[in-house]
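Using our numbering, the letters of the sequence shown correspond one by one to residues 1 to 123. Notes to accompany the following structure.
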Amino acid sequence: MSNVVAPTGLLLVLFATVVPFFLHSQAWAMAAYPYIYAAGAAAVFLARIFSQQKGGDLRLRRLHRMEAWIGIIFLVASFFLFYPGAELRDWMAFTLAGGALQVYTSLAIPAREKKLSNGKENR
1 MSNVVAPTGL LLVLFATVVP FFLHSQAWAM AAYPYIYAAG AAAVFLARIF
51 SQQKGGDLRL RRLHRMEAWI GIIFLVASFF LFYPGAELRD WMAFTLAGGA
101 LQVYTSLAIP AREKKLSNGK ENR
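Structure, rendered in structure tokens:
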């Protein structure tokens with residue numbers, strides 16, 4: 001289930017992130033994007049929290065735990081979307097940090113799983 005919910009949430013976060021840059025003249029888009037972002041962030045967080053972690057490898061468990069923190073980072077960014085004194089750079093910084101960690105974990109988890117399945121464990 002989390003294999004569907006997390007990518008959907010990430011797509012909602014992506015869509016809501018590009019709205020201020022490309023659809024800033026559309027009033028409906030500017031009014032809706034904070035809610036879309038918050039829904040995507042909540043979906044990512046819930047999918048990561050309730051996902052099953054496979055294996056007993058410490059590095060793999062840490063990478064999955066990092067994915068849960070990515071959801072928290074996106075939730076903090078969504079807080080800044082609704083905070084009255086916040087600016088674009090506030091929530092965008094958290095979005096970029098979460099995105100960078102997401103890219104890292106999306107590359108590191110399959111690489112680690114492949115290494116473990118091949119039996120090439122370097123300690």
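Yeah, the Cβ is synthetic: ideal placement off N, Cα and C, and Gly gets one too.
For residue i, count neighbouring C-beta atoms within 10 Å of its own C-beta (all shown protein chains included) and say buried if the count is 16 or more, exposed if not.
i: G124; result: Within the shown structure, residues of the chain are numbered from 1 to 123, placing residue 124 beyond reach of any answer.
i: V18; result: exposed
i: E87; result: exposed
i: W28; result: exposed
i: R65; result: exposed
i: A6; result: buried
i: G9; result: buried
i: V44; result: buried
i: Q102; result: buried
If you run the structure through DSSP and keep just helix, strand and coil, what is residue i?
i: S25; result: coil
i: Y83; result: coil
i: F50; result: coil
i: G40; result: helix
i: G99; result: helix
i: D57; result: coil
i: G71; result: helix
i: G119; result: coil
Grab me the residues of residue i's own chain with a C-beta within less than 7 Å of its C-beta, minus the 5 sequence neighbours each way, in chain order.
i: A39; result: L12
i: F21; result: none
Would you mind stating whether residue i and residue j have Cβ atoms separated by less than 7 Å?
i: D90; j: F80; result: yes
i: I109; j: L46; result: no
i: T105; j: A77; result: no
i: L58; j: R112; result: no
i: L75; j: A41; result: yes
Given residue i, which residues of its chain have a CB within under 6 Å of its CB, disregarding the five upstream and five downstream residues?
i: R48; result: E67, A68 and G71
i: L85; result: Checking the sequence, you will find Gly at residue 85 rather than Leu. Contacts found: none.
Closer than 8 Å by C-beta to residue i: which residues in its own chain qualify, once you throw out the five before and the five after it? Chain order, please.
i: A97; result: I73
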